[in-house]
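Just below is one structure, and these are the notes that go with it.
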Ligand SMILES: [Zn+2]
Ligand SMILES: [Zn+2]
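Residue numbers (the numbering used here): 2 to 107.
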C-alpha cells in the first residue's frame with residue numbers, strides 16, 4: 002500500500018482547526034488570540050485578522066457545576082487526610098480549618 006492509498010480514506014487538513022485554544026483561520030492558518038467573540042453564540046461568522054477572509058466558528062464551552070450544602074447544613078467530620086484542625090463535610094466535601102471558625106466551641 003503506497004502513501005496515496007492511505008490518504009484516500011483520511012483527509013489531512015492543512016491546518017489544525019478543531020478544538021483549538023485559539024481561533025485558527027482555515028484559509029491561512031493564522032491564530033487569533035484575542036478571541037473577540039460572543040461566547041453566548043455557539044455558531045458565528047468570524048473574519049481572519051490576517052487574510053481578512055470569513056469563516057464560521059463554533060464556540061465550545063466547557064460547562065461544569067459545583068454544588069455544596071446550604072450554609073449550616075454541612076455534615077462536618079474530621080478529615081484524616083489533613084492536619085488536625087481541618088474538617089470536611091461528609092457529603093459535599095467542603096472543608097475548612099476550625100481555627101478560622103470563630104464560632105467553634107471545641
Ligand atoms: Zn486567514
Ligand atoms: Zn456539605
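Even for Gly, the Cβ is constructed at its ideal location relative to N, Cα and C.
Can you tell me whether DSSP reads residue 20 as helix, strand or coil?
-> coil
Would residue 61 be called buried (16 or more neighbouring beta carbons within 10 Å of its own) or exposed?
exposed
Select from 36, 90, 52, 80 the residue whose C-alpha is nearest the C-alpha of residue 73. 90
Is residue 25 near residue 32, with beta carbons less than 8 Å apart? yes
| request: Could you please give the first and the last residue of the uninterrupted beta strand (DSSP E) stretch that includes residue 56? | output: 55-59
Item to complete: Could you tell me whether the Cβ atoms of residue 92 and residue 76 are closer together than 8 Å?
Response: yes
Relative to ligand 2, is the shortest distance from any of its heavy atoms to the C-beta of residue 13 smaller than 7 Å? no
Output the distance between the C-alpha atoms of residue 15 and residue 66, rounded to the nearest integer angstrom. 36 Å
DSSP on residue 77, reduced to helix/strand/coil?
strand
Is residue 76 a contact residue of ligand 2, with contact defined as CB to any heavy atom under 7 Å?
yes
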